[in-house]
Amino acid sequence: MDRLGGQFSPGEGLGRTYMPLILGMLLGGGMAYLSFQNVTTQRRIKLGFMITLMVILVGRLLLGWAWDMLYNWDFRAPSDAQWDTLVAPISFVISIGILAFYFLP
0 MDRLGGQFSP GEGLGRTYMP LILGMLLGGG MAYLSFQNVT TQRRIKLGFM ITLMVILVGR
60 LLLGWAWDML YNWDFRAPSD AQWDTLVAPI SFVISIGILA FYFLP
């Protein structure tokens with residue numbers, strides 16, 4: 000069965016260059032569009048992005064931990080598997096931040 004995106008989205012064959020180009024253009028275009036907005040709109044969009052990122056990062060840990068405590072009916076610290084849901088995304092965000100700092104002009 001053929002994939003929905005074919006060779007476009009997973010990056011196989013000659014299509015492996017299109018997805019990074021399109022994602023880069025979307026990100027750059029979004030940043031350029033944001034820079035033409037007024038300061039209040041910029042602040043709201045940035046705050047919404049940061050809150051969404053925090054909820055995604057910490058929400059998986061808190062929901063998994065709370066569900067496990069309710070299911071077993073005891074109060075305890077998160078397990079290693081639950082902590083791993085927090086460590087991997089944070090290390091990804093830190094590596095993106097290091098790359099962004101490195102590529103600043």
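Under numbering that gives the first Met the number 0, the first residue of the sequence shown is numbered 0, with each subsequent residue one higher. Just so it is clear, CB atoms sit at the ideal spot from N, CA and C, and this is done for glycine as well. As the structure is a prediction and not an experimental result, all values here were calculated from the model.
In its own chain, leaving out the 5 sequence neighbours on each side, no residue places its CB closer than 8 Å to the CB of Gly23.
The DSSP-derived three-state label of Ala76 is coil. In this chain, the alpha helix (DSSP H) harbouring Phe48 covers 38-71.
Gln41 places its beta carbon 8 Å or farther from that of Leu52. Considering only Arg43, Leu56, Gln36, Thr16, the residue with the shortest C-alpha distance to Pro88 is Leu56.
Linking Phe100 to Ser90 through their CA atoms gives a straight-line distance of about 15 Å. Judged by DSSP in its simplified three-state form, Phe91 adopts helix.
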